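S.K.:
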Amino acid sequence: MCGITGYIGTRDAVRTAVQSLHQLEYRGYDSAGVASAAGGCIRIVRATGKIAALDALLEGSAVTSGAAVAHTRWATHGRPNEANAHPHQDCLGRLAVVHNGIIENYAELRHSLRRRGHEFASETDTEVLAHLLEERLRTSPTADDLLAAVRATAAEVTGSYAMAVVCRDLPDTIVVARQDSPLVIGLGAGENFLASDIPALLPYTRSVLVLEDGDVAEIGPNRVRITDAAGQEVERKPMEVTWDASAAEKGGFTHFMLKEIHEGPVAVRETLRGRLMADGAVELPDVAITPEQWSHVRRVIIVGCGTAYHAGLVGKRLMEELLRRPVEAAFASEFRYSDPIVGAGDLALFISQSGETADTLAALREAKRRGALTLAVVNAVGSTLSREADAVLYTRAGPEIGVASTKAYLAQVAALACLALYLGRSAEASADARAALARSLAALPEALAACLDRSDEVAAVAQALGGHSCFFYLGRGYDFAAATEAALKLKEISYIHAEAYAAGEMKHGPLALVEPGVAVVGLCTQAATHEKMLSNLREVKAREGTVVALINDSREAPPEVDHLLRIPETHSALTPIPALCTLQLLAYYVALARGCDIDQPRNLAKSVTVE
Ligand code: F6R
């Protein structure tokens, strides 16, 4: 997501913080900014686009000693423009804040701050932090006062944050806090550094303190004092980083794809944050569709390309199950030229990670032209799709760098499940059915973490499968929807031919292809069709294909399989999420065994902006 850096010491604080920011460029961002506290004032410089634009603005400016915090923003609230770029300030211009994460209760806080006379200069959630701090800081505050103000502000907000604050009265202090968003302090001699990710620190130091959730810390050139949420001083032991810079960019993972698969639990948790309530109700406060508009929706059409379309296939089943209304799913490239029957009364959903896919955009324009209500389910804030649709439901997976989409798919399915619960709140599906789905949805981050804990088992299966020349992924119902994405993942990064089939279709032709050297991955997570899946796998085994079964933890291992992959129990409609986490890992390890260029597979681009 966004990046934070900071510096305090005798170097040029602004330039050091900004140079450090360059080490985080690989994460993707849309604007950058820096704030320094020196000479009794706060100075802020911000630019949209690349950090180079910020460098250009700083060129020739005087050296700043003191404290500086810098930020790369990847928009979550408000468009990617200069006003929304961090750092943000209070009304008096006494302090500046940078922040990663999402403040869930920002709308209420903003409303009450406004009533108390605060004026806002941006559309961001972050700015509420600056105004809340302003109310808690007396004139000429000490470092202790700032620490206490940050702690009290942190207690007032809900959501995730890593924040860093500088104050014009305290040029030798930076105060930071973290909750559910990483923050590390780099230790130097007579200087200290701050970053959201270790790579930013590596040009300067390898001695790193990793803050824990609830920590609030005060950093000076020669001091780091950490307190817990209750204000008690705590000790965090520094660690010595031994990775090289490129491994550190990937968080110690060998590829961005692997790192992003491991970010799946966070991507899903962030997507649900502030939408799925503790009582199982779903609220979509950020989706600009009025109750009146929702009430006119008679039919849903889901449109996307590649992985996004595959997420749509899960969404289609889920919505039909909950709403008991027909829901269609279409490839954007087909929809746009199909003279589609779409118009008033239809909700057309456009799913996209980048929000820039040419076919999806053209399909959106066509649906709008014909009078449908359009909703974009998009990851990239401020993208063309998000701007052109009537409303947006953001997946909050963070930037995806590996060409093969991984965490974005998980977040898309989670967002569609939220939408299904929201649309189905007054539909025929029983309250019990909705509550069961909501409970499983809330438990998904843990289920995904459990899948990731089994990476070694998946890698061992992949090792055994690497020599196969052809893969089938079979499933029924939700498993078939998941199989389409699993097959795409394998083919795009390993270059092995892989196809998804509705398991019942095998006998109608494709079974002719099964012979030794062909691997068949059977997704067997659906109770209603479990026995049927097993008999499909027996048919494969009888023709000497290699059989891999993906089953729920509660199931006994079927005798006819060569390899077994297990996933934690979840609601049947949500199994594509843990299933894909495991099958993304499988594709990754097969491609790794074959020595493929995993993050940039041949012939493919991350964003397909041409037809
Ligand atoms: C596959 C993949 C592609 C994209 C497709 C749509 O791993 O990434 O199939 O899903 O090009 O891209 P977006 O979601 O950006 O519209």
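Taken in order, the sequence shown gives residues 0 to 610; the numbers are from numbering that gives the first Met the number 0.
Cβ atoms here follow ideal geometry from the backbone N, Cα and C, with glycine treated the same way.
Here the structure is a predicted model, which means the values were calculated and not measured.
For isoleucine 340, count neighbouring C-beta atoms within 10 Å of its own C-beta (all shown protein chains included) and say buried if the count is 16 or more, exposed if not.
M.R.: Translated into positions along the sequence shown, residue 340 becomes position 341. Counting Cβ neighbours within 10 Å, isoleucine 340 comes out exposed, since fewer than 16 surround it.
S.K.: For isoleucine 173, does the three-state DSSP call read helix, strand or coil?
M.R.: Residue 173 sits at position 174 when you count from the first residue of the sequence shown. Of the three classes helix, strand and coil, the one that applies to isoleucine 173 here is strand, per DSSP.
S.K.: Along the chain, where does the alpha helix (DSSP H) that runs through phenylalanine 252 open and close?
M.R.: Numbered from its first residue, the sequence shown carries residue 252 at position 253. Run containing phenylalanine 252: none; DSSP gives neither H nor E here.
S.K.: Identify which residue in Asp124, Ala592, Glu248 has its Cα closest to the Cα of isoleucine 400.
M.R.: Sequence index remark: in the sequence shown, residue 400 carries index 401 (1-based). Nearest C-alpha to isoleucine 400: Glu248.
S.K.: Rounded to whole angstroms, what's the CA-CA distance from leucine 132 to threonine 71? Just pull it up for me.
M.R.: Taking the first residue of the sequence shown as position 1, residue 132 is located at position 133. Taking the first residue of the sequence shown as position 1, residue 71 is located at position 72. Rounded to the nearest angstrom, the two C-alpha atoms are 22 Å apart.
S.K.: Report the CB separation of leucine 573 from leucine 409 in whole angstroms; it is logged as a contact under 8 Å.
M.R.: Here residue 573 refers to the residue found at position 574 of the sequence shown. Here residue 409 refers to the residue found at position 410 of the sequence shown. At roughly 10 Å, the Cβ-Cβ gap does not stay under 8 Å, so leucine 573 and leucine 409 are not in contact.
S.K.: Near arginine 224, what residues of its chain come up, given a Cβ to Cβ distance below 7 Å and the 5 sequence neighbours on each side ignored?
M.R.: Position 225 of the sequence shown holds residue 224. Ala216, Glu217, Glu232.
S.K.: Does any residue of chain C bring its CB to less than 8 Å from the CB of arginine 45?
M.R.: Of the chains in the structure shown, none is chain C; there is only one protein chain.
S.K.: Any heavy atom of ligand 1 closer than 7 Å to the beta-carbon of glutamate 498?
M.R.: For the purposes of this step, residue 498 is taken as residue 499 along the sequence shown, with counting starting at 1. No, Cβ of glutamate 498 sits at least 7 Å from all heavy atoms of ligand 1.
S.K.: Measure the C-alpha to C-alpha separation of methionine 505 and alanine 482 and round it to an integer number of angstroms.
M.R.: Your numbering for residue 505 matches position 506 in the sequence shown. Your numbering for residue 482 matches position 483 in the sequence shown. One Cα belongs to methionine 505, the other to alanine 482, and the distance between them is close to 14 Å.
S.K.: What's the gap between the Cα of alanine 147 and the Cα of leucine 603?
M.R.: Reading the sequence shown from its first residue, position 148 is the one you call residue 147. Reading the sequence shown from its first residue, position 604 is the one you call residue 603. If I take the Cα positions, the gap works out to 51 Å.
S.K.: Quick check: is any heavy atom of ligand 1 less than 7 Å from the C-beta of leucine 487?
M.R.: Along the sequence shown, read from residue 1 onward, the residue named residue 487 stands at position 488. Checking the Cβ of leucine 487 against ligand 1 gives yes.
S.K.: Using 10 angstroms around the beta-carbon of threonine 253, count the other beta-carbons present and answer buried if the total reaches 16, otherwise exposed.
M.R.: On the sequence shown, residue 253 is found 254 positions in, with the first residue counted as 1. Answer is exposed; the Cβ neighbour count stays below 16.
S.K.: Taking the straight line between their C-alpha atoms, what separation do you get for cysteine 469 and glutamate 543?
M.R.: Taking the sequence shown and counting its residues from 1, the one referred to as residue 469 is at position 470. Taking the sequence shown and counting its residues from 1, the one referred to as residue 543 is at position 544. Cα to Cα, cysteine 469 sits roughly 13 Å from glutamate 543.
S.K.: Count the other C-beta atoms from every protein chain shown that fall within 10 angstroms of the C-beta of methionine 276, then say buried if there are 16 or more, exposed otherwise.
M.R.: As a first step, residue 276 must be located in the sequence shown, where it is residue number 277. With fewer than 16 Cβ atoms within 10 Å of its Cβ, methionine 276 is classed as exposed.
S.K.: Restricting to Cα atoms, I'd like to know which of Gly381, Ile102, Tyr28, Gly465 is closest to arginine 272.
M.R.: One-based indexing of the sequence shown puts residue 272 at position 273. Comparing Cα positions, the closest option is Ile102.
S.K.: What residues in its chain sit with their C-beta under 7 Å from that of isoleucine 257, if we drop five residues either side in the sequence?
M.R.: Here the question's residue 257 lines up with position 258 in the sequence shown. First, the residue type needs correcting, since residue 257 is leucine and not isoleucine in the sequence shown. Contacts found: Tyr587.
S.K.: Say yes only if the C-beta of glutamine 352 is nearer than 7 Å to one or more non-hydrogen atoms of ligand 1, and no if none qualify.
M.R.: Reading the sequence shown from its first residue, position 353 is the one you call residue 352. Because some heavy atom of ligand 1 lies under 7 Å away, the Cβ of glutamine 352 counts as near it: yes.
S.K.: Rank Leu186, Asp227, Pro600 by C-alpha distance to the C-alpha of glutamate 211 and give the top, closest one.
M.R.: What you label residue 211 is simply residue 212 of the sequence shown in a count that begins at 1. Here the closest residue by C-alpha is Asp227.
S.K.: Could you tell me which of Ala430, Phe479, Gly305, Leu312 sits nearest to leucine 415, measuring between CA atoms?
M.R.: Position 416 of the sequence shown, counted from the first residue, corresponds to residue 415. Measuring from the Cα of leucine 415, the nearest candidate turns out to be Leu312.
S.K.: Ligand 1 and glycine 303: does the residue's C-beta get closer than 7 Å to at least one heavy atom of that ligand?
M.R.: Position 304 of the sequence shown holds residue 303. Under cutoff, so the answer is yes.
S.K.: Alpha carbon to alpha carbon, how far is alanine 55 from glycine 32?
M.R.: Residue numbering aside, residue 55 sits at position 56 when the sequence shown is read from its first letter. Residue numbering aside, residue 32 sits at position 33 when the sequence shown is read from its first letter. When rounded, the distance between both Cα atoms is 12 Å.
S.K.: Is threonine 394 near ligand 1, judged by its Cβ being under 7 Å from some heavy atom?
M.R.: Stepping through the sequence shown from its first residue, residue 394 is reached at position 395. Result no, Cβ not under 7 Å from ligand 1.
S.K.: Are the beta-carbon atoms belonging to glycine 5 and alanine 67 less than 8 Å from one another?
M.R.: Translated into positions along the sequence shown, residue 5 becomes position 6. Translated into positions along the sequence shown, residue 67 becomes position 68. Contact flag set, yes.
S.K.: Determine the extent of the beta strand (DSSP E) in which arginine 224 is found, giving its start and end residues.
M.R.: Here residue 224 is taken as the residue at index 225 of the sequence shown, counted from 1. Residues 222 to 226.
S.K.: Which one of Ala74, Ser553, Gln292 has the shortest CA to CA distance from aspartate 389?
M.R.: Residue 389 sits at position 390 when you count from the first residue of the sequence shown. When only C-alpha atoms are compared, the closest one is Gln292.
S.K.: So the alpha helix (DSSP H) phenylalanine 479 belongs to, where does it begin and stop?
M.R.: Translated into the one-based positions of the sequence shown, residue 479 becomes position 480. Counting along the chain, the alpha helix (DSSP H) containing phenylalanine 479 begins and ends at 477 to 493.
S.K.: Just checking my contact of histidine 467 with isoleucine 495 at CB under 8 Å: how many whole Å lie between their CB atoms?
M.R.: Within the sequence shown, residue 467 is the residue found at index 468, counting from 1. Within the sequence shown, residue 495 is the residue found at index 496, counting from 1. That pair is a contact at about 7 Å.
S.K.: Should the segment 136 to 153 be called in touch with the segment 16 to 26, which here means at least 3 C-beta pairs below 8 Å?
M.R.: Not touching, per the Cβ criterion.
S.K.: Mind checking who glycine 521 pairs with in its DSSP beta bridge?
M.R.: Position 522 of the sequence shown holds residue 521. Answer is Leu473, Ala548, bridged to glycine 521.
S.K.: Let me make sure I understand the geometry here. Which of Thr356, Glu445, Ala37 has the alpha-carbon closest to that of valine 165?
M.R.: Position 166 of the sequence shown holds residue 165. Checked all of Thr356, Glu445, Ala37; the closest Cα to valine 165 is Ala37.
S.K.: Could you check which residue in Pro79, Ala461, Ala34 has the C-alpha nearest to that of leucine 57?
M.R.: By 1-based counting over the sequence shown, the position of residue 57 is 58. It is Ala34 whose Cα lies nearest to the Cα of leucine 57.
S.K.: Please list, in chain order, all residues of the same chain as proline 181 whose beta carbon is under 7 Å from its beta carbon, the five residues on each side excluded.
M.R.: Here residue 181 refers to the residue found at position 182 of the sequence shown. Counting only Cβ-Cβ distances below 7 Å, and skipping sequence neighbours, we find Ala161, Ser195, Asp196.
S.K.: Does DSSP put tyrosine 203 in a helix, a strand or coil?
M.R.: On the sequence shown, residue 203 is found 204 positions in, with the first residue counted as 1. For tyrosine 203, the secondary structure class from DSSP, reduced to helix, strand or coil, is coil.
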